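1 is the number that UniProt numbering gives to position 1 of the sequence shown; each next residue is one higher, with no gaps. Positions of the beta carbon are idealized from the N, C-alpha and C atoms, including for glycine. Predicted model only: the values in this text are computed from it and were never measured.
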Amino acid sequence: MVEAMTEIGIDLGNDFPKPLTDDVVAAADVVVSMGCGDACPIYPGKRYLDWTVTDPEGLPLDRVRAIRDDLDTRVQRLLDELAPHPA
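1. Which of the three DSSP states, helix, strand or coil, is assigned to residue 55?
2. Which word fits residue 2, buried or exposed, when buried means at least 16 other C-beta atoms lie within 10 angstroms of its C-beta?
3. How big is the Cα-Cα spacing for residue 59 and residue 50?
4. Suppose contacts are defined by Cβ-Cβ distances below 7 angstroms. Is residue 91 in contact with residue 46 by that definition?
5. Checking the sheet assignment: what are the DSSP bridge partners for residue 30?
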């Protein structure tokens, strides 16, 4: 995934998955997880999305690019939904 993200100008060299903390979830409008399921903290009134994503570990670069692009599409759609652009 690091190589696929570097191709589009995003450096993941020092990044790592981080757990959802109570503070992060409490401050969020929408909580998006990727495989968290029932392990994530639940707060009433929060919107939760659990996106199914193929684990890119060990996959060829073209498959990793497809995963990256799918996530980008999902994020863009969510952003458009949360803050629609004026017509």
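Inspection of the coordinates gives the following:
1. Position 55 of the sequence shown, counted from the start, is the residue given in the question as residue 55. Residue 55: coil per DSSP, three-state reduction.
2. Counting from one through the sequence shown, the residue named residue 2 turns up at place 2. Looking at its Cβ environment, which holds fewer than 16 other Cβ atoms inside 10 Å, residue 2 is exposed.
3. Start at 1 with the first residue of the sequence shown, and residue 59 comes out as number 59. Start at 1 with the first residue of the sequence shown, and residue 50 comes out as number 50. Roughly 22 angstroms between the two C-alpha positions.
4. It is not possible to answer for residue 91, since the shown part of the chain is limited to 1 through 87.
5. Sequence index remark: in the sequence shown, residue 30 carries index 30 (1-based). Beta-bridge pairing links residue 30 to 47.
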